[in-house]
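Note that the numbering used here numbers the sequence shown so that position 543 is 530, with each residue one more than the last.
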Amino acid sequence: MNKKASLFCIVTLFAVCGFAQTVTLTFTGRDAANHHVQAELFRVANLSKNWQEYLYWPDTVLTLQKGSGIQNPEMSQLPSLELSPNSPNPFHGTTDIHLTLADAGVVTLDIADVGGRLVWADDILLNPGRHQFRITLSHAGTYVMSARLKGELSSVKMVCNEGGGTNVVEYVGYTRKDSREAPPAKSHTRGSVVRPYDLGDQMEYSAYATINGQGEESPHIEQPLADSQTVVLPFSSVQLRLPTVVTANVTNITGTSAVCGGIVTDDGGDSVTARGVCVSISPNPTLAGLHTSDGSGLGVFTSQLTGLMSNLVYYVRAYAINSVGIAYGEKQSFFIPVNPDGDARSCPDAPFVVDIDGNTYNTVQIGQQCWMRENLRTRRYADGTDIPQGESYSLTSAFWYYPMNESANKANYGLLYNWAALMHDATASNSNPSGVQGICPDGWHVPSNAEWEQLHTYVKSHGQNVCGGIEDQIGKSLAATMGWDLGGTSCEVGNANPATNNATGFSALPAGYYQGGDYLIPEFVNYGGLGYNTFFWTTTMGTDSYGFNNTYYWGLHSNYASVIHNNFYDADGDAYSVRCVKD
-12 MNKKASLFCI
-2 VTLFAVCGFA
8 QTVTLTFTGR
18 DAANHHVQAE
28 LFRVANLSKN
38 WQEYLYWPDT
48 VLTLQKGSGI
58 QNPEMSQLPS
68 LELSPNSPNP
78 FHGTTDIHLT
88 LADAGVVTLD
98 IADVGGRLVW
108 ADDILLNPGR
118 HQFRITLSHA
128 GTYVMSARLK
138 GELSSVKMVC
148 NEGGGTNVVE
158 YVGYTRKDSR
168 EAPPAKSHTR
178 GSVVRPYDLG
188 DQMEYSAYAT
198 INGQGEESPH
208 IEQPLADSQT
218 VVLPFSSVQL
228 RLPTVVTANV
238 TNITGTSAVC
248 GGIVTDDGGD
258 SVTARGVCVS
268 ISPNPTLAGL
278 HTSDGSGLGV
288 FTSQLTGLMS
298 NLVYYVRAYA
308 INSVGIAYGE
318 KQSFFIPVNP
328 DGDARSCPDA
338 PFVVDIDGNT
348 YNTVQIGQQC
358 WMRENLRTRR
368 YADGTDIPQG
378 ESYSLTSAFW
388 YYPMNESANK
398 ANYGLLYNWA
408 ALMHDATASN
418 SNPSGVQGIC
428 PDGWHVPSNA
438 EWEQLHTYVK
448 SHGQNVCGGI
458 EDQIGKSLAA
468 TMGWDLGGTS
478 CEVGNANPAT
488 NNATGFSALP
498 AGYYQGGDYL
508 IPEFVNYGGL
518 GYNTFFWTTT
528 MGTDSYGFNN
538 TYYWGLHSNY
548 ASVIHNNFYD
558 ADGDAYSVRC
568 VKD
């Protein structure tokens, strides 16, 4: 080859390879009020070069890479299985799609909606080549058509603007391909394609979105192809949105109440029908729990929070509702400190007690007994001996556990302890008082079954604690006003009016349990019950006729009106809450 020819080849290759051009197109949708719209599909067509591409959410960027024009030999081969994008797309009722395959076989075709529900399916024996199908769908929406053959899968998204009768897929025709025919265009899940183009080519862009539950196509925009640019596709509708609400700071905190509120700054394009504040001792309060109702519309509102208990962390979020749904403001938290003088039911000579770890507990006087009003959360005995955290179930080793195995639950729900941790090597007792200090602070003891019986008898003997005139329905009078799953009849602990709970001030919270297996299924262990039940240990243990140890406990359940009183064999490895009684 002479020098001139060599120079020509070098220049040609440099022109082809060195000046390959890339154009990046970024797409976004806007409604009639210029709010962002999440388009499900963007259509990009080069009218000058006669090709089109589709972008499906979450892709919003298409990168065009200009090829050399040299045919890739691999492109002359048939793909093993490939669905090409349907046309038109979006469509009104009916659209066409092509399926290409390299080998004969039974192809499974199906169409599913965005929820995964099949609307059509069939198995079809096909020869190699390109096959055309005509699809009719009965309802508007976004669908996925899939083809499966010998373990391979090809899928295409389709957007139907308007239904067209029943769901039908009609076989239209078949064309055997040869090496001279290029394969069909692929559907791209990521926006980078190689296509012929020149700056200045006439382009057409459109988008499809679901706005307020209705499918809508944007107007088609035609413009010359320029360097990298952002294309805004406008829609004629105004998209309704969730409201915007801001949670106010919590003020005027007392031993049983506080003031919060918020401001609705944007109604989302529709009327705000309800607003207020959700409050809970769990970190993410919702309307499913305790909440206030403070009017409607835009603007500032104030919420009075009542029936609170001291020495608990509370979480609040403002909410606002319109036809789109529920919007929540940012979360705020506040703490009600110990206020012994603010509750007449505190024990006169011991309004609070401090354990060896420095945890402070409120107390409550019920009859002749002085109880802790909160669940124990110490990790040491009064003599300074550490209690290890449990990582497994044990009938003999002393362990404590976090409720639901979450450390954040300790502050409000206390800790759970197994029998060995509860008793600290003491002998079981049903005396009144039990005489077992166990895990309790100095001057306090773990109550026996007999002491719980005394509490039960006293509470049900006072009419203000009884619900519905039935003597045993006293669960609500012992349950806290917060934390319980709501529902059930009026006398159940978790009924929809929790403010009527806690007449005694005992303030039982649904801390749940850590539970192990029995002799039938010893390996079964689990956490559970947070939000809907609580169990309290006693120092009492018996032996049944089969020789099993029966440990006694008391408890509450959100769907029960009465108190749970039970004993169970070989349950001393389970972990429950502890309340101490003053000596």
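Just so it is clear, CB atoms sit at the ideal spot from N, CA and C, and this is done for glycine as well.
message: Mapping the DSSP letters down to three states, classify Gln356 as helix, strand or coil.
response: strand
field: At least three beta-carbon pairs within less than 8 Å, the region 420 to 434 to the region 354 to 370
entry: yes
field: Neighbourhood of Ala19 by C-beta, 8 Å cutoff - its chain only, sequence neighbours within 5 removed
entry: Pro221, Phe222, Ser223, Ser224, Val225
field: Residues that DSSP places opposite Ser384 in a beta bridge
entry: In DSSP, Ser384 forms no bridge with anything.
- prompt: Secondary structure at Gly462, three-state DSSP: helix, strand or coil?
  reply: helix
query: CA-CA distance, Ala398 and Phe14?
result: 49 Å
field: Test item: CB-CB of Asn417 and Thr527 under 7 Å
entry: yes
task: Specify, as a first and last residue, the run of the alpha helix (DSSP H) that Leu409 falls within.
output: 406 to 410
- prompt: From Pro335 to Gln352, what distance separates their C-alpha atoms?
  reply: 8 Å
message: Between which two residues does the beta strand (DSSP E) holding Tyr302 run?
response: 299 to 309
Inside the region 125 to 149 only - beta strand (DSSP E) runs reaching at least 3 residues: 128 to 136, 139 to 149
message: Taking the alpha-carbon of His552 as reference, which of Thr487, Gly456, Trp439 has the nearest alpha-carbon?
response: Trp439
query: Just the Cα atoms here: how many angstroms apart are Asn271 and Pro434?
result: 34 Å
query: So the beta strand (DSSP E) Thr414 belongs to, where does it begin and stop?
result: Run containing Thr414: none; DSSP gives neither H nor E here.
- request: Please classify Asp561: does DSSP put it in a helix, a strand, or coil?
  value: coil
query: Thinking just about the alpha-carbon of each residue, which of Tyr514, Ala495, Thr9 is nearest to the one in Trp387?
result: Tyr514
query: Nearest-angstrom Cα distance between Ser124 and Leu299?
result: Here the sequence assigns Leu to residue 124, which means Ser is not the residue at that position. Distance between the alpha carbons of Leu124 and Leu299: 57 Å.
message: With distance defined between alpha-carbon atoms, name the residue in Asn33, Ile122, Asn114 nearest to Asn73.
response: Ile122
- request: Between the Cα of Ala385 and those of Tyr368, Tyr315, Glu393, spot the shortest distance and give me the residue it belongs to.
  value: Tyr368
- prompt: What residues match up with Gln189 in a beta bridge as DSSP calls it?
  reply: Pro211
message: Can you tell me whether Tyr533 is buried or exposed? The criterion is at least 16 other CB atoms within 10 Å of its CB, across all chains shown.
response: exposed
- prompt: Between the beta-carbon of Gln451 and the beta-carbon of Cys478, is there less than 7 Å?
  reply: no
field: 7 Å Cβ shell around Ser320 - same chain, five flanking residues per side excluded
entry: Val300, Tyr301, Tyr302
query: How many whole angstroms separate the CB atoms of Thr530 and Ala498, which I take to be in contact at a CB cut-off of 8 Å?
result: That pair is no contact at about 28 Å.
task: Grab the span of the alpha helix (DSSP H) containing Glu605 for me, first residue to last.
output: Look at the range of the chain in this structure, -12 to 570, and you will see that residue 605 is not part of it.
task: Identify, in the order they occur along the chain, each residue of the same chain with its Cβ nearer than 8 Å to the Cβ of Leu403, setting aside the five sequence neighbours on each side.
output: Trp387, Tyr388, Tyr389, Pro390, Ala498, Gly499, Tyr500, Tyr501, Ala562, Tyr563, Ser564
field: Meets three-Cβ-pair contact criterion under 8 Å: the region 191 to 204 and the region 30 to 47
entry: yes
field: Environment of Asn37 [buried if 16+ CB atoms lie within 10 Å]
entry: exposed
- prompt: Hey, how far is the Cα of Gly256 from the Cα of Leu229?
  reply: 8 Å
message: Within a Cβ cutoff of 7 Å, which residues of the same chain sit near Gly430, ignoring the five residues on either side of it in sequence?
response: Lys569, Asp570
- prompt: Do you know whose CA, among Gly92, Ala99, Thr234, Ile98, lies nearest Glu574's CA?
  reply: One cannot answer for residue 574 here, as it falls past the ends of the chain, which runs -12 to 570.
- request: Note down, in chain order, each residue of its chain lying with its Cβ closer than 6 Å to the Cβ of Leu70, except the 5 sequence neighbours on either side.
  value: Leu86, Ala134, Ser141, Val143
- prompt: DSSP on His175, reduced to helix/strand/coil?
  reply: Because His175 sits at a pLDDT of 39, beneath the cut-off of 50, its placement in the model cannot be relied upon, and the following sentence gives the value as read from the coordinates. Coil.
- prompt: Quick one: what does DSSP say Gly450 is sitting in, helix, strand or coil?
  reply: helix
query: Looking at the unbroken alpha helix (DSSP H) that takes in Asn537, where does it start and where does it end?
result: Not the alpha helix (DSSP H): Asn537 falls in the beta strand (DSSP E), residues 536 to 544.
- prompt: First and last residue of the alpha helix (DSSP H) that includes Tyr573?
  reply: Nothing can be reported for residue 573, as the shown portion of the chain is limited to -12 through 570.
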